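If you read the sequence shown in the numbering used here, its first letter stands for residue 270, the second for the next number, and so on. No residue lacks a Cβ here, since even glycine has one placed at the ideal position from N, Cα and C. As the structure is a prediction and not an experimental result, all values here were calculated from the model. Read the structure below first, then the notes.
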Amino acid sequence: MPAYDLAGSGCAGFVLGLDVACARARWRGERVLLIGVEVLSRMMDWQDRNVCVLFGDGAGAALLGPLDGRGGAEVLAVVAGTEGARADILGLEVGGSRRPVTAEHVRDRRHLKIEMKGREVFKEAVGRMSEASRAVLARAGLDLEDVALVVPHQANLRIIRAVAKALGVPLGRVAVNVDRYGNTGSASIPLALAQARDEGRIQPGDAVLLTSFGAGFHWAAALLRF
270 MPAYDLAGSG
280 CAGFVLGLDV
290 ACARARWRGE
300 RVLLIGVEVL
310 SRMMDWQDRN
320 VCVLFGDGAG
330 AALLGPLDGR
340 GGAEVLAVVA
350 GTEGARADIL
360 GLEVGGSRRP
370 VTAEHVRDRR
380 HLKIEMKGRE
390 VFKEAVGRMS
400 EASRAVLARA
410 GLDLEDVALV
420 VPHQANLRII
430 RAVAKALGVP
440 LGRVAVNVDR
450 YGNTGSASIP
460 LALAQARDEG
470 RIQPGDAVLL
480 TSFGAGFHWA
490 AALLRF
């Protein structure tokens, strides 16, 4: 059974939330509004140019419910995982039981400071997103050739290109908007998905692959059928 922390999953939060929301929609017949929103500009250390230039603010939402034939997309499968031993490569400087936030931390805004080990994040992100993508396709009984569009977390162009290469998918079948909005965290996938649909890149019957990673260290992938 996969275990993950929605509150601390960072950029993977939307796809992880999709897993939880789908369960409620399928088994309880509920309608669930899933929102990924980030105001990362409030958290940035603007003196740290290695981090602050990467991020942007954004929000995206999806309404999930029982299939009713009124359009939208069916969630075919979701896979998710976490590796707590790698939590130190991407996350907040302080917080949690191991490094409790103090009044001094808040005064110095250290409770909002993002710490990132770039090379290690790159390696883990590419490996885990590729692994999760293959796993979710296997669960749904599909191949990459069946996928019309891949919508990855918009971390940076280098990671996106590396994931596409690892999967053997041409960039023409990958949604990219990080060059316009930056890394908008948990909002990046719903934003990129909505943009692709508005641009006519997703047609009825298309299979669309979502793949993400985030702090914790978390990863998740989902397969949709429009």
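Ordered along the chain, which non-local residues of its own chain (more than five positions away) have a Cβ less than 7 Å from that of residue i?
| i | result |
| --- | --- |
| residue 344 | 287, 291, 491 and 493 |
| residue 486 | 351, 352, 355, 356, 358, 359 and 393 |
| residue 409 | 345, 346 and 492 |
| residue 307 | 326, 327, 453, 454, 455 and 456 |
Just reading off the beta strand (DSSP E) that residue i is part of, what are its end residues?
| i | result |
| --- | --- |
| residue 329 | 327 to 333 |
| residue 413 | No beta strand (DSSP E) holds residue 413; DSSP gives it neither H nor E. |
| residue 301 | 301 to 307 |
| residue 350 | 343 to 351 |
Which same chain residues end up closer than 8 Å to residue i when comparing Cβ atoms and leaving out the 5 residues on each side of it in sequence?
| i | result |
| --- | --- |
| residue 426 | 445, 447 and 448 |
| residue 320 | 313, 314, 383 and 385 |
Taking Cβ to Cβ, would you say residue i is nearer than 8 Å to residue j?
| i | j | result |
| --- | --- | --- |
| residue 294 | residue 495 | no |
| residue 465 | residue 347 | no |
| residue 428 | residue 391 | yes |
| residue 282 | residue 305 | yes |
| residue 431 | residue 280 | no |
| residue 378 | residue 482 | no |
Grab me the residues of residue i's own chain with a C-beta within less than 6 Å of its C-beta, minus the 5 sequence neighbours each way, in chain order.
| i | result |
| --- | --- |
| residue 433 | 440 and 443 |
| residue 388 | none |
Just to confirm the assignment, what range does the alpha helix (DSSP H) spanning residue i have?
| i | result |
| --- | --- |
| residue 443 | No alpha helix (DSSP H) contains residue 443, which DSSP labels as neither H nor E. |
Of the residues the options, which one's Cα is nearest the Cα of residue i?
| i | options | result |
| --- | --- | --- |
| residue 278 | 462, 474 and 456 | 456 |
| residue 437 | 454, 459 and 414 | 414 |
| residue 405 | 349, 458, 469 and 365 | 349 |
ask   = Is the region 294 to 302 in contact with the region 333 to 349, if contact means three or more CB pairs nearer than 8 Å?
value = yes
ask   = Does the count of Cβ pairs from the region 464 to 479 and the region 415 to 424 closer than 8 Å reach three?
value = yes
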